[in-house]
Structure formats: C-alpha cells, structure tokens
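Here is the structure we will look at, set down as structure tokens.
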Amino acid sequence: MKALRVHETGEPIDVLRVEEVEDPRPGPGQVLVRVRSAAVNFPDALLCRGMYQVKPPLPFTPGVELCGDVAETGEGVSGVEAGARVVGSAELPAGAFADYALMSADAVFPAPAALTDDEAASLFIGYQTGWFALHRRARLREGETVLVHAAAGGVGSAAVQLAKAAGARVVGVVGGPRKAETAAALGADVVVDRRSEDFVAAVKEYTGGRGADVVFDPVGGDSYQRSTKCIAFEGRIVVVGFASGTIPSPGLNHALIKNYSILGLHWGLYRQRAPEAVPEAHERLTELAGRGLVKPLVSERLGAAELPAGVQRLADGDTVGRLVFTP
Numbered sequence: 022m023k024a025l026r027v028h029e030t031g032e033p034i035d036v037l038r039v040e041e042v043e044d045p046r047p048g049p050g051q052v053l054v055r056v057r058s059a060a061v062n063f064p065d066a067l068l069c070r071g072m073y074q075v076k077p078p079l080p081f082t083p084g085v086e087l088c089g090d091v092a093e094t095g096e097g098v099s100g101v102e103a104g105a106r107v108v109g110s111a112e113l114p115a116g117a118f119a120d121y122a123l124m125s126a127d128a129v130f131p132a133p134a135a136l137t138d139d140e141a142a143s144l145f146i147g148y149q150t151g152w153f154a155l156h157r158r159a160r161l162r163e164g165e166t167v168l169v170h171a172a173a174g175g176v177g178s179a180a181v182q183l184a185k186a187a188g189a190r191v192v193g194v195v196g197g198p199r200k201a202e203t204a205a206a207l208g209a210d211v212v213v214d215r216r217s218e219d220f221v222a223a224v225k226e227y228t229g230g231r232g233a234d235v236v237f238d239p240v241g242g243d244s245y246q247r248s249t250k251c252i253a254f255e256g257r258i259v260v261v262g263f264a265s266g267t268i269p270s271p272g273l274n275h276a277l278i279k280n281y282s283i284l285g286l287h288w289g290l291y292r293q294r295a296p297e298a299v300p301e302a303h304e305r306l307t308e309l310a311g312r313g314l315v316k317p318l319v320s321e322r323l324g325a326a327e328l329p330a331g332v333q334r335l336a337d338g339d340t341v342g343r344l345v346f347t348p
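Structure representation (structure tokens):
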C-alpha cells in the first residue's frame, strides 16, 4: 500500500515521504480500516516535528483522525462489523495518511450518515475537543457569550458551531480577511481580525462591558494574556492548546481578583480516565450533525503528493477549516 512516512523529525514538507509499504496487520484489540478520508490536525504537524507528547518509533505514518471501512478485526474485538463505515482515532505508528490504518477497537465509532466521508473524518477529534471544552469543562449555558480564538481553524470552527448550537453568542477571533469571512459563515455573531482590530475592546462593546463568559483558547501566548482583560465575572478560560508556540504564565492573583476560572482541557485523557464519556459525546455530535447544527468545514482535499505541503501550511497557520487527505 501507499503511505506517507516520517523517517526523521523536522518540518512536515521536508520529512513526509510517500512510500510503498506492507499493509499493517491488526493485533489484539485492534481494527484494520481502509481509509476513505483522513483529516489533517495540528498534532500531525507536531508529530512530524517531534514536538507532540506522543512520540511513535521511527519511521511512522502520521494521521490521527479518519473515516474508513472496517477491513479486518484483531483478536478479542467484538461489536465491530467488517465493511462498516466508521470514524475515530488512528493507532500510531500506523496512522491515517495511508491506504490502510490501524485503530484501537475502543476508538472506533459509527460514521454519521448525515456527513460525507471528508466531513465525517473531521468530526471526531476537533468536535470532541470542542464539546468537552464547552460542555464538560466550562458548563456553557444558553445565552452566554463565548470568545473563540482561531475561529476559522479546525478546532476553532468546531467550537463556533457547537457554541451556537447551545444557544450561546460567539465572538470569533481570526487572522486575516479570508478567515474573517469563514468565521462569519460558520455563524459567529461578531468577528474580529486580530491583525487590525482589538478583540478586547470588541468583546467589551458587544457585551456592554461584562466580558466573555467562556474563552476557548487553542492558541495561548498573547491571545490568552489579552483574554484575561475581557473575561467576565465568574468567567471560564479553557486552555485547549498553544498553536502560537508560546505557553503563557497566568497571573493567579489576577484570576483571584477578577473571580474567573482557568480550566485545562486534555481530551485524550478522557479515553483513559473517563472512557464512557467519549461515546456519549459522539452520540450527541451525531445527533447535532443529523439536525444540521454542526457540519465540519472541509476547505481542501489533498492527495499523497500534495499532503506534505498541506500539513506545512496548517502548521504555519495558513489554512481555514479542515484539510483532508484522500488516498
């Protein structure tokens, strides 16, 4: 089969190589799937760079999220039928940027019938992250105001749609006119281009000085620091990631004085500590997709030859919505 593999870590455009390799074989508790579509995630870029918390042995195939057909099941797997169209996380080092990938049986879920392969491939990690951040961690309530950073990106776009589906008002922060158009199309009530506008002032004006009840922050750095200037009384800042490359050092005295909460969201940890919550979230997301309230924004479909440059553009912040790899 064809696979894109990393033999040494570095920039994605330099280290992702198309190769002919043997089909992977499912071990105990694993499922082999024929990849229909694989969403490109920021962790894929970090994996290429050797900067992700998971470091698979070299060489490996990235691609942490997919939609595919079950081809074969390993020993001890039950409840997963051959031929079923499924979504979920790939099992590294045999990731989804290939014709076939491995999945852990507990990471296999039915693909929503309402979504195309490309959309379904993009539903799992980003929308699960948004769901857990907004509902499990921040306890979002109808009518509240949510400030979403990187609102045109893969995870941010999911957060915009999920917040709107929950009846919240959304202020989306983006970088550039193209991304501003995307965030508005996704449903953000107010869109702020951070390159030319001050999102702190925009939030205060929109909320009559109250501030944002929830901040969804996958960026870190200055985005986090400035968010503390427009967080509401009893507001919640959910730390999702550090796409800026800078991990902020929060002033806990400031959190005390303004009476807000700083919440971490490590979605992958739920698979270890509260695995029952993941299928529950998938059921809710499938229901929302069926009602047309969430629909992943797929901006580009890439073949094997185009994928290294695509992962690089995502790493550099030059994409909107989701890029997907189609074998």
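Residues 22 to 348 in our numbering are what the sequence shown lists, from first letter to last.
Using N, Cα and C, we set each Cβ at its ideal position, and we do this for glycine too.
- Message: When you compare the segment 229-245 with the segment 158-174, are there three or more beta-carbon pairs, one atom per stretch, that lie closer than 8 angstroms?
- Response: yes
- Task: List in chain order: all unbroken beta strand (DSSP E) runs of 3+ residues lying wholly within the segment 290-348.
- Result: 319-323, 343-346
- Task: Report the residue from Tyr227, Val221, Gly256 whose alpha carbon sits nearest the alpha carbon of aspartate 243.
- Result: To locate residue 243, count along the sequence shown from 1; it is residue 222. Selected option, being the one with the closest Cα: Val221.
- Task: Enumerate, from N- to C-terminal direction, the unbroken beta strand (DSSP E) stretches of 3 or more residues contained entirely within the segment 209-253.
- Result: 211-214, 233-238
- Item | Straight-line Cα distance separating alanine 179 from leucine 344 | For the purposes of this step, residue 344 is identified with residue 323 of the sequence shown, where counting begins at 1. For the purposes of this step, residue 179 is identified with residue 158 of the sequence shown, where counting begins at 1. Here the alpha carbons of alanine 179 and leucine 344 stand approximately 14 angstroms from one another.
- Message: For valine 212 and glycine 196, which I take to be in contact (beta-carbon distance under 8 angstroms), what is that distance rounded to the nearest angstrom?
- Response: If you number the sequence shown from 1, residue 212 lands on position 191. If you number the sequence shown from 1, residue 196 lands on position 175. No, valine 212 and glycine 196 are not in contact; Cβ-Cβ is about 11 angstroms, not under 8 angstroms.
- Message: Quick check: what's the CA-CA separation for leucine 273 versus glutamine 246?
- Response: Here residue 273 refers to the residue found at position 252 of the sequence shown. Here residue 246 refers to the residue found at position 225 of the sequence shown. One C-alpha to the other measures close to 12 angstroms.
- Cβ pair count under 8 angstroms reaching 3, the segment 62-81 against the segment 91-106: no
- Task: List the DSSP bridge partners of aspartate 138.
- Result: Mapped onto the sequence shown, residue 138 falls at position 117. Answer is none; aspartate 138 lacks a bridge partner.
- Query: What does leucine 284 pair with, by DSSP beta-bridge criteria?
  - Reply: Here residue 284 refers to the residue found at position 263 when the sequence shown is read from its first residue. In DSSP, leucine 284 forms a bridge with Val259.
- Closest to leucine 37 by CA distance: which of Leu53, Asp44, Gly71 is it? The count along the sequence shown starts at 1 and reaches residue 37 at position 16. Of the candidates Leu53, Asp44, Gly71, the one whose C-alpha sits nearest the C-alpha of leucine 37 is Gly71.
- Query: beta strand (DSSP E) containing arginine 70: first to last residue?
  - Reply: As a working mapping, residue 70 is identified with position 49 in the sequence shown. Taken as a continuous stretch (DSSP letters only), arginine 70 belongs to no beta strand (DSSP E), being part of the alpha helix (DSSP H) at 63-70.
- If we ignore side chains and look at the alpha-carbon of each, how far apart do glycine 208 and alanine 60 end up? Counting from 1 along the sequence shown, the entry for residue 208 is found at position 187. Counting from 1 along the sequence shown, the entry for residue 60 is found at position 39. When rounded, the separation of the alpha-carbon atoms in glycine 208 and alanine 60 is 22 angstroms.
- Task: Enumerate, from N- to C-terminal direction, the unbroken alpha helix (DSSP H) stretches of 4 or more residues contained entirely within the segment 95-146.
- Result: 138-142
- Contacting residues, own chain, Cβ-Cβ under 7 angstroms from proline 33 (five flanking each side not counted): Here residue 33 is taken as the residue at index 12 of the sequence shown, counted from 1. Ala66, Cys69, Pro329, Val332, Gln333, Ala336.
- Message: Quick check on the burial criterion: 16 or more other C-beta atoms within 10 angstroms. Buried or exposed for glutamine 182?
- Response: The residue labelled residue 182 in the question sits at position 161 within the sequence shown. Under the 10 Å beta carbon count, glutamine 182 is surrounded by 16 or more other beta carbons and is classified as buried.
- Exposed or buried, histidine 28, counting other C-beta atoms within 10 Å across all chains shown (16 or more means buried)? Counting from 1 along the sequence shown, the entry for residue 28 is found at position 7. It is exposed - the Cβ of histidine 28 has fewer than 16 other Cβ atoms within 10 Å.
- Task: Count the C-beta pairs between the segment 153-160 and the segment 129-137 that are closer than 8 angstroms, then say yes if the count reaches three, no if not.
- Result: In short, these stretches do not touch, since the Cβ pair count stays below three.
- Message: For glycine 177, report the span of its alpha helix (DSSP H) as first-last.
- Response: Along the sequence shown, read from residue 1 onward, the residue named residue 177 stands at position 156. Where glycine 177 is concerned, the enclosing alpha helix (DSSP H) stretches over 175-186.
- Message: Less than 8 angstroms between the beta carbons of alanine 9 and valine 52, yes or no?
- Response: Coverage of the chain is limited to positions 22 through 348, which leaves residue 9 absent and any answer about it impossible.
- Query: When burial is assigned at 16 or more other CB atoms within 10 Å of the CB, is arginine 216 buried or exposed?
  - Reply: Position 195 of the sequence shown, counting from 1, holds the residue named residue 216. Exposed, since its Cβ has fewer than 16 Cβ neighbours within 10 Å.
- Query: With contact counted as at least three CB pairs below 8 angstroms, one residue from each stretch, are the segment 140-149 and the segment 304-322 in contact?
  - Reply: yes
- Hey, could you find the ends of the beta strand (DSSP E) arginine 38 is sitting in? In the sequence shown, counting from the first residue as 1, residue 38 sits at position 17. DSSP places arginine 38 inside the beta strand (DSSP E), whose first and last residues are 37-41.
- Under a Cβ-count criterion, where at least 16 other Cβ atoms within 10 Å of its own Cβ denotes burial, should aspartate 35 be classed as buried or exposed? Counting from one through the sequence shown, the residue named residue 35 turns up at place 14. Counting Cβ neighbours within 10 Å, aspartate 35 comes out exposed, since fewer than 16 surround it.
- Message: Taking 8 angstroms as the cut-off, does the segment 137-144 touch the segment 264-278 (at least 3 CB pairs, one atom from each stretch)?
- Response: no
- Looking at C-alpha atoms only, which residue of Ala154, Phe237, Ala135 is the closest neighbour of alanine 173? Within the sequence shown, the letter at position 152 stands for residue 173. Of the listed residues, the one whose Cα sits closest to alanine 173 is Phe237.
- Item | Member of Thr30, Ala115, Arg57, Ala103 whose CA lies at the smallest distance from the CA of tyrosine 73 | To locate residue 73, count along the sequence shown from 1; it is residue 52. Closest by alpha carbon: Thr30.
- Does the Cβ-Cβ distance between proline 198 and aspartate 214 come in under 8 angstroms? Start at 1 with the first residue of the sequence shown, and residue 198 comes out as number 177. Start at 1 with the first residue of the sequence shown, and residue 214 comes out as number 193. In terms of Cβ geometry, proline 198 and aspartate 214 form a close pair [threshold 8 angstroms].
- Message: Using the Cβ count rule (16 or more neighbours within 10 Å means buried), how would you classify phenylalanine 254?
- Response: For this step, residue 254 is matched to residue 233 along the sequence shown. Here phenylalanine 254 is exposed, its C-beta having fewer than 16 other C-beta atoms within 10 Å.
- Under the three-state DSSP convention, the category histidine 156 falls into: As a working mapping, residue 156 is identified with position 135 in the sequence shown. Three-state result, histidine 156: helix.
- Query: Looking at C-alpha atoms only, which residue of Pro83, Ala115, Glu112, Leu87 is the closest neighbour of valine 56?
  - Reply: Within the sequence shown, residue 56 is the residue found at index 35, counting from 1. Checking every option, the nearest Cα to that of valine 56 belongs to Leu87.
- Simplified DSSP assignment, three categories, for glutamate 163: Working through the sequence shown from its first residue, we reach residue 163 at position 142. Looking at glutamate 163 - three-state DSSP - the assignment turns out to be coil, as it is neither helix nor strand.
- Message: Pop quiz: proline 83 and phenylalanine 118 are said to be a contact at Cβ under 8 angstroms. What is the actual Cβ separation, rounded to whole angstroms?
- Response: Translated into positions along the sequence shown, residue 83 becomes position 62. Translated into positions along the sequence shown, residue 118 becomes position 97. So it is a contact: roughly 5 angstroms between Cβ atoms.
- Message: Can you tell me whether histidine 170 is helix, strand or coil according to DSSP?
- Response: Taking the first residue of the sequence shown as 1, we reach residue 170 at position 149. Reduced to three states, the DSSP call for histidine 170 is strand.
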